[in-house]
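Worksheet for the structure shown next.
Printed below as a string of structure tokens:
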């Protein structure tokens, strides 16, 4: 068993893999933050979707008026879904990329740009910044993921 | 090649990794179950979103009335999306956590609480239970994921 | 460090793992394509959801009319969400399956059928094909994932 643990430790001690683990954890935590921001806007805007969530505001009609959509809540939810659509590919392709033996400096460049792009994307969505701010930050993260996918397919292709 | 397979087998034989694999498969299967529940409610409530899905109910106006939203269908769909938002971080952060060399008992505690919290969350959403039932089960799963993320960053941080 | 890299290389040189990496990258790229198709329909149908996205069409009322939903945009978005719901389980369960030591030929069968089913599902959704085209392609991908989950649990179960 100590032999197994040693091998696992070696995986996690590899610098590229450590960088992948660090940036993946950061972007996943950032995505999780969207849940808290959604809850914050739902509570401050009093805009809920589930009847059981408005029970503390009273019964019947007085509570029903809080079952409504709010532009700020919907905006955060769109940002959250955009995170899912873009961070899931990074999670999978990034892992395979980290295992495909890239140069450490190249890998760090990919991970850092992706994480920065997604953080900027969130600010661009929530403030909101005028376009093409949000569009560009989305495109940069997208392009980084495509670049990693290309390296993975070039290295491992087995159809 | 037998040497490679041996190493892969060692990874999957590690007890922490086996526990991760078991609980991840369980929560992903639970998430997949939401698709079947959605389909069940769509069919029993006759509430569809794609015109081609209502073709078996006849043509023209008679089928069009089934293109509608239903509160039960929407509720399951919200539960499904909440699963995606919370199980994706567990999938990624949990994998890195399992590779970061935690104590087996600590890891099991994390995985078991997360899986239980997400199963309770689904019941709380679908029954539905009065709040804060759903809120608390969501928060427990969220906190477990944050705890694993903290361990990962503490172990591997490489910026 | 060269020892570590050797071990990583051995993981990525394993044929089952290479097949997993190839097909996972393919289905994730296919999922990412949905973002581009959504953007294409939003621009050609002039159907946006964020006010800042319509600023280039003028100010005030003239731009506001482009804040609307379009059936084609919504259809692509549903296909994208269906991808997330089904490709995330494949990403996680497929990785654990690849590490659980399946026969190469069996693993290839699973990966190839899943990828084909998801590509057909996308065409069935976007054209759209009459049912049960889309339903069947969804069910095939779903069944393949269940089959891999069964193998994972049989191999590693540690509760």
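Residue numbers (the numbering used here), protein chains in the order written: chain A, 1 to 159; chain B, 1001 to 1159; chain C, 2001 to 2159.
Virtual Cβ for every residue (Gly too), placed ideally from N, Cα, C.
As the structure is a computational prediction, the values presented were derived from the model and not from experiment.
Residue 1043 of chain B and residue 117 of chain A have their C-alpha atoms some 42 Å from each other. Residues of the same chain with a CB within less than 6 Å of the CB of residue 2023 of chain C, apart from the 5 flanking positions on each side, are 2111 and 2115 in chain order. Judged by pairs of C-beta atoms under 8 Å, the stretch 2059 to 2072 of chain C does not touch the stretch 2150 to 2157 of chain C, as fewer than three such pairs exist. Note on residue 97 of chain A: 16 or more other CB atoms within 10 angstroms of its CB, so buried under the neighbour-count rule. For residue 1038 of chain B, the closest alpha carbon among the candidates B:1078, B:1058 and B:1103 is that of B:1078. Along the stretch 1090 to 1117 of chain B, going in chain order, the ones with a CB nearer than 7 Å to a CB of chain A are 1092, 1093, 1096, 1099, 1100 and 1101. When the Cα atoms are used, residue 126 of chain A and residue 16 of chain A turn out to be separated by approximately 32 Å. Note that the stretch 1044 to 1057 of chain B does not touch the stretch 2051 to 2065 of chain C; fewer than 3 beta-carbon pairs, one per stretch, sit closer than 8 Å. Around the beta carbon of residue 2011 of chain C, 16 or more other beta carbons lie within 10 angstroms, which makes this residue buried. Residue range 104 to 126 is occupied by the alpha helix (DSSP H) that includes residue 122 of chain A. DSSP places residue 1157 of chain B outside both helix and strand once states are collapsed to three, so it counts as coil. Around the Cβ of residue 146 of chain A, a 10 Å sphere holds fewer than 16 other Cβ atoms; the residue is exposed. Collapsing the DSSP output to three states places residue 129 of chain A in coil. Residue contact check for residue 12 of chain A against chain B: a CB pair falls below 8 Å. Excluding its 5 nearest sequence neighbours in each direction, residue 2048 of chain C has C-beta neighbours in its own chain below 7 Å: 2042, 2054, 2066 and 2067, listed in chain order. For the 8 Å CB-CB criterion, residue 45 of chain A and residue 72 of chain A form a contact. Closer than 8 Å to the CB of residue 78 of chain A there is at least one CB belonging to chain C. Against chain C, a Cβ distance below 7 Å from residue 1018 of chain B picks out 2156 and 2158. Within the stretch 44 to 56 of chain A, no residue has its Cβ closer than 9 Å to any Cβ of chain C. A direct Cα-Cα distance of roughly 19 Å separates residue 104 of chain A from residue 27 of chain A.
Taking residue 1137 of chain B as the centre and dropping the five residues before and after it, the same chain places the C-beta of 1117, 1120, 1121 and 1124 closer than 7 Å to its C-beta, in chain order. Around the C-beta of residue 130 of chain A, fewer than 16 other C-beta atoms lie within 10 Å, and the residue is accordingly described as exposed. Within a 10 Å sphere around the beta-carbon of residue 2100 of chain C sit 16 or more other beta-carbons, which makes this residue buried. The CB of residue 69 of chain A never comes closer than 7 Å to any CB in chain C; the least such distance is about 12 Å.
As computed with DSSP, residue 1033 of chain B is found in no beta bridge at all. Within chain B, the residues 1028, 1029 and 1032 have their CB atoms less than 9 Å from the CB of residue 2145 of chain C, given in chain order.
For residue 35 of chain A, the chain B residues whose Cβ falls inside 9 Å of its Cβ are 1082, 1085, 1086, 1138 and 1142, in order along the chain. The beta carbons of residue 1086 of chain B and residue 1142 of chain B sit closer together than 8 Å. Residue 1015 of chain B has a beta carbon lying within less than 8 Å of a beta carbon in chain C. Here residue 84 of chain A really is in contact with residue 1084 of chain B; their C-beta atoms are around 6 Å apart, less than 8 Å.
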